[in-house]
Amino acid sequence: MPTPTRSPARRQPVRRSPARRPQVRRRKSGWAARTATTLSVGVLAAGGIGHAALSLLDGGISRIDPFRDMKDRPAAGHGMNILLVGTDGRDRITEKERRTYRLGGNPCHCTDTIMIVHISADRDRATVVSLPRDTYTHIAARKDPATGVQHPDHPIRLNAAYAEGGPSLTVQTVERMTHLKIDHYMEVDFITFMKTVDVLGGVRVCTAQPLKDRFTGLNLSAGTHVLGGGQALQYVRSRHVDGASDLGRMQRQQKFLAALIERATSSGVLLNPLKLRDVTRAVLGSVRADQGFGADQLIGLGRAMRNFSPSSSEFTTVPIGDMTFRDKELGSTVKWDDAKAGALFRSLRDDKPLAPPRPKKKGPAAVDVDVPPQQIQVQVENGTPTEGLGRRVDDGLLASGFHTTRRPANATDRTVRRTVIVYDPRWDRSAKSLAAALPGSELRPAPGQGPTLKVVAGADFKQVRRVRAAEPQQPDQVVTGDQVVCP
């Protein structure tokens, strides 16, 4: 008989800023929200009711020219490539926010997150590729245009290119490494992110396991949570909740972007002109974008992407060859797998989807749980006068993978209205996984009961929901938005 897992105790249309919506796909919270806002604004403008708001937003964004004097750029491919950059920005955070959300330390004036957002030529698909900030690269010999100082060729981490040469050097470095032409550039900081999430009313995220990081202060129990701006910032910044470090952080950022897309495409919060006004006011002046991403581009993009959904988005991280590549000057860095990375960027240049087509599944998607159902022993009892209910529940749990006794019995009390899960607190994680399969059920601890959990089926029982053990996402795995949002 399988050994049960045992453990201590624990087991939308929001569019934000112009260029952001397109990228709504997988970046840092701030970027995601901005992207969502941008798309919403574009859709409103396309519908003839958002021109005033669009003009306000377009005029309030800080404009920069990251492409100025750039030479020998890659040839343009198909579709649109947006370089989405999340900057430190902690010099604009209040002292209270620093303490509450563990944002201590001096600003590094560098890029905290770097993503390429590719929007397909037909505007039916968005692909987000995360570039690790500790990526090892070289900056070619160059003269600083501001100071005239000549810099020799030298190794550098990708996120330090911003500190050394600002947006322009960042774009140049990314283009040289990817051989992709960057069409637009957008930059968002911490404060933008927090304001965006708060104005939208929070974003819903799910986790099969507790997430705790003493460095950022993140402390989430397993389950579903609606995160406000500060807590969402902790979620996307945390690197010490598991062994995945920065890769795990990038994957959480991708999940957050997918959740933002779902909210943006399933709720009408930003189709309300007054709400749209509040959102634009919250973010105006804190986003920087290239001069070419203006009102006309927003309107066209909004019209084309009105049917965009989480399943239209795909997320991945550039393939890594060496996670601990050491350089005598930089120390430990991240080195790409050149062959696999080259194939990925060729696909983007050719406007090809990265995720293979998936067969459509009947019924709702399986819910991720902490403990595999195959490791959970269950005894079912019928707590109602309805004959055969116990067998129906037992069959449903067995089909979902649980290790049932196959001998359902009648409970002593046959007037149970709400399904109950009776469990030994030492197996609380198993109980939570079982509860995910029985929505609305009550968890009732029973010290000393042992490893077998008991389900007393009540009159409220409808069906067993499919569950599956949460599997760690591989570094270069491609996932679509609907695969990572809350069920």
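Using numbering that gives the first Met the number 0, read the sequence shown as starting at 0 and increasing by one per residue. Idealized CB from N, CA, C, for every residue including glycine.
Enclosing alpha helix (DSSP H) for residue i [first to last residue]
i: R406; result: No alpha helix (DSSP H) contains R406, which DSSP labels as neither H nor E.
i: S429; result: 427–436
i: F344; result: 337–348
i: L397; result: 388–398
i: A221; result: No alpha helix (DSSP H) contains A221, which DSSP labels as neither H nor E.
i: L232; result: 228–236
i: L168; result: 159–177
i: I190; result: 189–198
i: V483; result: 480–483
Neighbourhood of residue i by C-beta, 7 Å cutoff - its chain only, sequence neighbours within 5 removed
i: M176; result: T136
i: Q476; result: T315
i: R72; result: E174, K180
Check whether residue i and residue j have beta carbons under 9 Å apart
i: Q376; j: L452; result: yes
i: V370; j: V454; result: no
i: M249; j: T411; result: no
i: A469; j: A207; result: yes
i: I60; j: L83; result: no
i: D459; j: R413; result: no
i: R464; j: P424; result: no
i: R124; j: R156; result: no
i: S432; j: V419; result: no
Buried or exposed (CB count within 10 angstroms, at least 16 for buried), residue i
i: K254; result: buried
i: H77; result: exposed
i: K327; result: exposed
i: E313; result: buried
i: K95; result: exposed
i: F66; result: buried
i: G457; result: buried
i: F189; result: buried
i: R33; result: With a pLDDT of only 46 at R33, under 50, the local geometry of the prediction cannot be trusted, and the value read off the model is given with reservation. Buried: at least 16 other Cβ atoms inside 10 Å.
i: D212; result: buried
i: H153; result: exposed
i: N218; result: exposed
i: P151; result: exposed
i: D64; result: exposed
i: R287; result: buried
Beta-carbon proximity list for residue i, same chain, < 8 Å, skipping 5 on both sides
i: P309; result: A257, I260, E261, T264, T479, G480, D481, V484
i: Q290; result: R62, I63, D64
i: V466; result: A365, V366, D367, V368, P372, S399, G400, S432, A435, A436
Residue span of the beta strand (DSSP E) that contains residue i, given as start and end
i: T126; result: 125–129
i: I118; result: 110–118
i: G78; result: Unbroken run through G78: none, as it is neither H nor E.
i: M322; result: 319–326
i: Q378; result: 376–381
i: V204; result: 202–206
Neighbourhood of residue i by C-beta, 6 Å cutoff - its chain only, sequence neighbours within 5 removed
i: D121; result: none
i: N409; result: N381
i: V421; result: R443, A445, K453
i: G449; result: D423
i: L558; result: No information on residue 558 is available, as it lies outside the stretch 0 to 486 that the chain covers here.
i: Q149; result: K142
Any non-hydrogen atom of the ligand MG closer than 8 Å to residue i Cβ
i: G165; result: Among the components modelled here there is no ligand, and therefore nothing to report on the ligand MG.
field: the region 333–344 in contact with the region 404–411 per 3-pair CB rule at 8 Å
entry: The answer is no - the region 404–411 does not touch the region 333–344, with fewer than three Cβ pairs under 8 Å.
- prompt: Can at least three beta-carbon pairs, one atom from the region 375–391 and one from the region 325–340, be found at a separation below 8 Å?
  reply: Per the Cβ contact rule, the region 375–391 is not in contact with the region 325–340 (fewer than 3 Cβ pairs under 8 Å).
- request: Determine contact between the region 195–206 and the region 214–225, defined as no fewer than three beta-carbon pairs at a distance below 8 Å.
  value: A contact exists between the region 195–206 and the region 214–225.
The region 138–152 touching the region 163–173, judged by at least three CB pairs closer than 8 Å: Yes, since at least three Cβ pairs between the region 138–152 and the region 163–173 fall closer than 8 Å, the two stretches touch.
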